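In the working numbering, the protein residues as written are 2 to 222.
Below you'll find the structure, written out as structure tokens, and then a few comments.
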Amino acid sequence: MKIEIGESLAVSYLKHVKRCVIYQTNWKSSSQWAFLGEGKDASEAFERLVKDGLLSFQGKTKPSFSQFLKQAEIDILGINLFEKKMYVMDIAYHEDGLNYKNEDRTIKSFKKKLLRSYLLLRSYFPEDYKYEIIFASPKVRPKLNKELEDATEALNDLRDDVLSKGAVVFKYIANDKFKDKILDPTLEASKDDADTNELFLRSYKLLSMPYTKPQPGKKEG
Numbered sequence: 002m003k004i005e006i007g008e009s010l011a012v013s014y015l016k017h018v019k020r021c022v023i024y025q026t027n028w029k030s031s032s033q034w035a036f037l038g039e040g041k042d043a044s045e046a047f048e049r050l051v052k053d054g055l056l057s058f059q060g061k062t063k064p065s066f067s068q069f070l071k072q073a074e075i076d077i078l079g080i081n082l083f084e085k086k087m088y089v090m091d092i093a094y095h096e097d098g099l100n101y102k103n104e105d106r107t108i109k110s111f112k113k114k115l116l117r118s119y120l121l122l123r124s125y126f127p128e129d130y131k132y133e134i135i136f137a138s139p140k141v142r143p144k145l146n147k148e149l150e151d152a153t154e155a156l157n158d159l160r161d162d163v164l165s166k167g168a169v170v171f172k173y174i175a176n177d178k179f180k181d182k183i184l185d186p187t188l189e190a191s192k193d194d195a196d197t198n199e200l201f202l203r204s205y206k207l208l209s210m211p212y213t214k215p216q217p218g219k220k221e222g
């Protein structure tokens with residue numbers, strides 16, 4: 002099974018920092034599930050987003066709302082039951098920095114992924130829960146970074162209109178903010194925990210062990 006270190010960090014972040022008691026990677030819906038409220042509000046939002054050009058399907062016929070959701074996968078999902086808040090995270094990690102050549106297509110895909118996550122939450126989870134949808138990357142090139150910041154702001158501007166159902170906030174966290182808001186708080190909050198399922202934290206603790214050189218044995222007289 003492929004293990005993604007970025008996803009492992011995100012799970013630990015949701016578990017220890019955001020205090021999610023339920024968390025899962027690669028979350029997908031089932032065709033056997035019923036929409037909450039028959040999915041009417043989410044379906045109407047989908048149609049509005051398509052009509053306004055905020056969701057596009059290049060070279061393809063527009064899928065039905067149910068088909069659109071079936072194609073979706075949430076990378077990391079977390080639920081804080083006490084605060085009645087849901088978290089969705091997507092972490093993109095590239096050693097040389099996130100820097101796609103076709104920036105226009107990248108921005109459209111970025112918006113589509115976050116909007117699809119919103120529609121999934123709106124369809125299958127209670128409306129009285131708050132939603133926080135996060136895209137994070139430890140290193141993004143300057144030009145693309147500015148484009149993604151602007152795209153996130155544009156998504157949040159939709160909250161008073163087409164996304165008015167369900168309290169949602171979209172967040173983009175990258176570069177120094179990634180370290181300050183995700184990495185460092187996770188390491189601090191989890192320092193007293195030990196879970197063999199948390200690969201990122203196990204790796205960090207392995208690297209942080211106080212290694213010493215072996216001492217030479219005493220010579221026998």
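Glycine is no exception: its CB is placed at the ideal position from the N, C-alpha and C atoms.
Values in this document were obtained by computation on a predicted structure and should not be read as measured data.
Nearest-angstrom Cβ-Cβ length linking I77 and L122, presumed shorter than 8 angstroms = Wrong, their Cβ atoms sit about 13 angstroms apart, outside the cutoff.
Which class does Y130 belong to by DSSP, given the choice of helix, strand or coil?
-> coil
For the beta strand (DSSP E) that I77 lies in, which residues bound it at each end?
-> 75-81
Neighbourhood of F225 by C-beta, 7 angstroms cutoff - its chain only, sequence neighbours within 5 removed = The requested residue 225 does not occur in the structure, where the chain is confined to residues 2 to 222.
When we look at the beta-carbon of E133 and count the other beta-carbons within 10 Å, is it buried (16 or more) or exposed?
-> buried
Consult DSSP for V22 and reduce its assignment to one of helix, strand or coil.
-> coil
Have a look at R160 and K192 and give me their C-alpha separation to the nearest angstrom.
-> 37 angstroms
What residues in its chain sit with their C-beta under 6 angstroms from that of I80, if we drop five residues either side in the sequence?
-> C21, I23, M87
Bridge partners - K172, DSSP secondary structure assignment | I135
Measure the beta-carbon distance from F66 to S44 and round it to whole angstroms, keeping in mind my assumption that it falls under 8 angstroms.
-> 5 angstroms
Nearest-angstrom Cα distance between P64 and E148?
-> 27 angstroms
Should S124 be labelled buried (16 or more other beta-carbon atoms within 10 Å of its own) or exposed?
-> buried
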